[in-house]
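Comments concern the structure below.
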Amino acid sequence: MKPVKDASHAMLDALHASGPAQSHESDLMLFGQFVGSWSLDVIYYNHDGSVRWRTPGEWHFGWALEGRAIEDVWMVPPRSQRITGPKPAGEFGVTLRFYDPRLGAWRSTWHGPVNGYVLPFIAKAVGDEIVLERSENGEATRWIFGRIKPDSFYWRAVNSADGGKSWRLDQEMFATRVGMPPRKPGGN
């Protein structure tokens, strides 16, 4: 164990990694491509398809756990616009994702403390998109990363209550990278 200079940052120092682990490096880049910071335009929809709420947000991805995982912090609205209190407006949370070679897929769990959410997903590439799937109480949910470019991507959440025959758009986000993209693997 290396000495801790600042105990207030010990957990963050242990969590953070400078890049992907060499084992499964190419598989890790499925989500590793998002490492960095993103500004968001987030739209929530009512069941009838009308807009319920539109807000900016922020999303930060980083390598974690010796490069074996990606952790992200998502905040809506962004910190610059948050109102604090016992029940702040919006949501914020953290996702921990790691590639599971036994599944040939990613395990991903979202934790949203404001509303008490813990949502486990299985994720994999489907064509040129990344699809995270889960099912609970007869409702299927997909979180989908699409239109992925080095400086932008489109994300949407869809739900189905009829076994996947029809899907309802629940939320979408338009993400734009803030600052420079991180170095490529091997450049750490």
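Note that this note's numbering has the sequence shown beginning at 1, numbered continuously upward. We treat Cβ as the ideally placed atom computed from N, Cα and C, and that holds for glycine.
- For Ala10, the uninterrupted alpha helix (DSSP H) run begins and ends at 10–15, by DSSP.
- Taking the C-beta atoms as reference points, Glu71 is found no nearer than 7 Å to Leu40.
- The beta carbons of Trp110 and Leu119 sit closer together than 7 Å.
- Per DSSP, reduced to three states, the secondary structure at Asp41 is strand.
- For Ser80 and Pro101, the gap between their C-alpha atoms comes out near 39 Å.
- Per DSSP, Glu25 is one residue of the alpha helix (DSSP H) stretching across 25–32.
- Between the C-alpha atoms of Gly164 and Arg134 there is a straight-line separation of about 12 Å.
- Nearest to Val51 by C-alpha distance, out of Glu58, Val42, Gly57, Ile122, is Val42.
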